[in-house]
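*Asks:* Right, I'll just put the structure down here and ask away after.
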Amino acid sequence: TEDIIRRSDKLSIAGELAAGVAHEIRNPLTALRGFMQLLKAKDTEYVDIMLMEIDRISYIVNEFIGLAKPQALHFVQSDLRSLIGSVIQFMQPQALLYNVDMRMSAEWPIASVMCEPNQIKQVFMNVLKNAIEAMPNGGQIEVVVSMDPDGNAITRISDEGVGIPQDRLERIGEPFFSLKESGTGLGLMVCHRIIEAHRGQLVISSIVNVGTTLEILLPTVMSH
Ligand code: ADP
Ligand code: MG
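First residue of the sequence shown: 377, per full-length UniProt numbering; consecutive thereafter.
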């Protein structure tokens with residue numbers, strides 16, 4: 377358990393730093409993008425490059441938005457299925473681009489989760505983003521929500537993607553650890569941190585070239 381504590385300390389420091397940075401970057405970035413769009417009428421080539429770079433920064437910052445409001449942590453009773461449903465809808469354009477099909481099914485009933493809805497949405501956004509990116513030639517993402525015997529809500533997100541080599545699995549979720557050419561290695565660190573704050577658990581299992589499954593446990597009002 378000492379290892380786990382030290383690991384979560386590291387995550388917490390990195391998370392707080394990242395949240396602060398994300399918060400400070402977001403507003404000027406939005407303004408910058410607006411003005412670039414105005415400039416585009418005059419000089420297309422350079423402006424396109426600049427817009428691309430701005431979008432890259434936005435992408436990184438967006439992975440932190442759920443963390444960027446630490447003062448406004450309001451835990452409310454939420455319907456997990458509708459939270460996930462709205463994230464699936466939000467991710468649909470990116471899924472279409474990759475030829476990826478997303479499906480959700482849920483046991484009934486699923487007890488309400490006490491959570492900060494925006495943070496939980498952030499978790500599912502980062503996880504679905506990874507699942508989509510793992511299938512450059514398309515495929516299926518299956519999201520299944522169920523209850524465990526202790527009254528926790530379990531969400532399994534499975535893809536048919538490239539998978540993660542067994543010897544790398546342990547490092548996944550460390551800040552800046554990425555196996556992608558232009559990855560940030562921040563998405564799952566943020567997920568870990570949010571789930572920890574909700575007293576939940578995140579477990580990853582994976583088989584190379586078969587797929588990856590993330591299991592997310594969240595306590596509900598029925599947990600004991
Ligand atoms: P990033 O996506 O920017 O690389 P993440 O923290 O979101 O950073 O993920 C870290 C790493 O975990 C990824 O680079 C990838 O190697 C691996 N990973 C996460 N989810 C999946 C998945 N569904 N399938 C395959 N690899 C994954
Ligand atoms: Mg990611």
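Idealized CB from N, CA, C, for every residue including glycine.
Suppose contacts are defined by Cβ-Cβ distances below 9 Å. Is Asn502 in contact with Leu593 by that definition?
*Replies:* Result no, Cβ atoms of Asn502 and Leu593 do not sit closer than 9 Å.
*Asks:* Could you say which of Gly549, Ile571, Leu555, Glu572 lies nearest to Leu562 if we only look at CA atoms?
*Replies:* Comparing Cα positions, the closest option is Gly549.
*Asks:* If you follow the alpha helix (DSSP H) that Val437 is in, where does it begin and where does it stop?
*Replies:* First-last of the alpha helix (DSSP H) with Val437: 420-438.
*Asks:* Can you tell which of Met598, Val437, His450, Asn438 has the C-alpha that lies nearest to the C-alpha of Ser522?
*Replies:* When each option's Cα is compared against that of Ser522, the closest is Met598.
*Asks:* Classify Pro541 as buried or exposed, calling it buried when 16 or more other Cβ atoms lie within 10 Å of its own Cβ.
*Replies:* Burial call: exposed.
*Asks:* Check whether the Cβ of Ala573 lies closer than 8 Å to any heavy atom of the ligand ADP, and answer yes or no.
*Replies:* No.
*Asks:* Taking the alpha carbon of Arg402 as the reference point, which residue from Leu414, Lys416, Ile430, Glu421 has its own alpha carbon closest?
*Replies:* Here the closest residue by C-alpha is Ile430.
*Asks:* For Arg515, which of helix, strand or coil comes out of DSSP?
*Replies:* The sequence shown places Gly at residue 515, not Arg. Strand at Gly515.
*Asks:* Between which two residues does the beta strand (DSSP E) harbouring Glu591 extend?
*Replies:* Glu591 -> beta strand (DSSP E) spans 587-594.
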